[in-house]
Structures are given as C-alpha cells and as structure tokens.
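To keep things clear, I will list the structure first and then write my remarks on it.
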Amino acid sequence: MEGMCLIFCLFTFGGSFQKGLAAVIQTQQTVSAAVGEDAPLSCQLLETKDVQQVTWQKVLERTERRIGSYSEYYGVIVNNRFKDKVQFTEAGLQKNSIVIRNITDQDEGCYLCLFNTYPDGALTGRTCLIVYELHGPFTNVSRSNSPPGTSASPTATPAERPTPTVPSPSLLQLCCQLSAAHRLDV
Numbered sequence: 307m308e309g310m311c312l313i314f315c316l317f318t319f320g321g322s323f324q325k326g327l328a329a330v331i332q333t334q335q336t337v338s339a340a341v342g343e344d345a346p347l348s349c350q351l352l353e354t355k356d357v358q359q360v361t362w363q364k365v366l367e368r369t370e371r372r373i374g375s376y377s378e379y380y381g382v383i384v385n386n387r388f389k390d391k392v393q394f395t396e397a398g399l400q401k402n403s404i405v406i407r408n409i410t411d412q413d414e415g416c417y418l419c420l421f422n423t424y425p426d427g428a429l430t431g432r433t434c435l436i437v438y439e440l441h442g443p444f445t446n447v448s449r450s451n452s453p454p455g456t457s458a459s460p461t462a463t464p465a466e467r468p469t470p471t472v473p474s475p476s477l478l479q480l481c482c483q484l485s486a487a488h489r490l491d492v
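Counted the way our numbering counts, the sequence shown spans residues 307 to 492.
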C-alpha cells in the first residue's frame with residue numbers, strides 16, 4: 307500500500323514535487339497561540355530564485371483560501387475576508403511574514419506561503435497554527451479544622467490542561483495526505 311502511495315505521489319506531483327524538495331524554505335512547522343493573542347507566521351526562501359509574488363493561503367478541507375499576496379508591482383494585497391484579521395509585517399520576495407490578529411478557534415489549521423517563481427512555479431512552505439485557551443487559577447475554599455486564633459494561608463493551584471500536540475507525519479504520510487484536490491497549479 308505504501309509503495310502504491312509513493313508511486314501515486316510521484317505521478318501526481320511529478321517534477322513540481324521534486325522541485326519543491328530541492329528549494330529550501332525556512333518556516334516554523336507549528337505555531338501555538340492562545341485565544342485572543344496574535345500569531346506571527348513567517349517564510350523565507352533560502353535560495354536565490356526569480357520570485358514574482360509571495361502568496362499566503364489557509365488550507366481548508368478540500369481547497370485553499372487565499373489570504374493575501376505581495377509583489378513588487380502590486381505591493382501588498384489582502385483578501386477582503388481577511389482585511390481586519392491579517393496584516394503583512396514583512397513584505398518581501400525572499401522573506402515574508404504575516405500576523406493573524408485576535409486568534410479564535412476558527413483560525414486553527416495549516417497555512418501555506420507560496421513563493422511564485424519563474425520559471426520553476428510555486429515553492430511552498432507550510433505552518434500549522436495550534437490554538438489553545440488559557441484558563442485562570444481556581445481557588446478551592448474549605449472549612450478549616452484549626453483552633454480559633456491560629457492563622458491560615460490560602461493556596462491556589464492552576465487548572466491543568468493537556469499540552470497540545472501535533473503529530474509530525476513522515477514525508478510519505480504527508481505525501482499521501484496531499485490529494486489532487488489540494489494541488490495548486492500556478
């Protein structure tokens with residue numbers, strides 16, 4: 307089964323998949339942010355390429371939603387749906403950064419930065435955003451059995467929440483998860 311998946315991936319993605327492996331894009335695999343915080347996402351192309359435009363997208367179930375892009379000709383363009391949510395903090399063709407403001411649960415997911423190059427096509431970096439909620443400390447008050455006149459000290463313990471974890475799939479698993487529906491032709 308894995309062999310078939312590898313063959314499927316090689317035929318489906320062909321040369322662009324191999325070109326994507328050859329290009330070095332520096333990005334964080336995961337970014338964690340609490341509800342209400344801002345989340346910075348950044349991508350840097352470590353090879354010199356003829357980049358025409360850098361595009362940011364959010365990965366949805368069967369497609370990608372364009373957030374915005376930067377090119378020297380048009381400058382920064384943010385999709386109307388994200389105007390109040392996303393801001394470009396570093397607009398460049400080799401390094402590009404955005405910040406997602408006032409994080410909510412709906413912002414959780416994976417984001418792509420695409421370096422649209424000529425003649426190679428799109429070189430893609432991927433960052434997944436994990437959203438968590440902060441809960442304040444809870445105080446438990448109970449009746450003391452201490453004799454009258456003795457002092458008591460209050461104690462508080464923070465509520466424990468499990469640490470969020472994101473599985474890191476192998477390259478083969480990642481390849482198999484990318485279906486033709488997630489493929490972007492530029």
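Beta carbons: idealized from backbone N, C-alpha and C, even for Gly.
Quick caveat, the model's predicted, so the values are computed rather than measured.
Thinking C-beta only, is residue j closer than 8 Å to residue i?
i	j	result
residue 419	residue 434	no
residue 406	residue 392	yes
residue 337	residue 411	no
residue 440	residue 351	no
Beta strand (DSSP E) containing residue i: first to last residue?
i	result
residue 421	415-423
residue 374	370-377
residue 361	357-365
residue 396	392-396
residue 350	345-351
residue 333	331-333
residue 381	381-384
residue 336	336-340
Might you give, ordered along the chain, the residues of its own chain that have their beta carbon closer than 6 Å to the beta carbon of residue i, omitting 5 neighbours on each side?
i	result
residue 366	none
residue 343	409
residue 346	405
residue 372	363 and 385
residue 335	none
Under 8 Å Cβ to Cβ from residue i, same chain only, skipping five residues before and after it: list those, please.
i	result
residue 349	331, 332, 333, 360, 401, 402, 403, 419, 421, 431 and 433
residue 374	361, 362, 382, 383, 384, 385, 388, 392, 394 and 404
residue 396	348, 402 and 403
Going by DSSP in three states, residue i sits in which element: helix, strand or coil?
i	result
residue 412	helix
residue 402	strand
residue 432	strand
residue 478	In this prediction, residue 478 has a pLDDT of 33, which is less than 50 and means its spatial position is unreliable; what the coordinates show is noted afterwards. Here residue 478 sits in helix by DSSP.
So residue i packs on residue j, CB below 8 Å; how close in whole Å?
i	j	result
residue 379	residue 394	Not quite, the Cβ-Cβ distance comes to about 15 Å (not below 8 Å), so this is no contact.
residue 399	residue 357	4 Å
Keeping to the same chain, check which residues put their C-beta closer than 7 Å to that of residue i; ignore five residues upstream and five downstream.
i	result
residue 451	none
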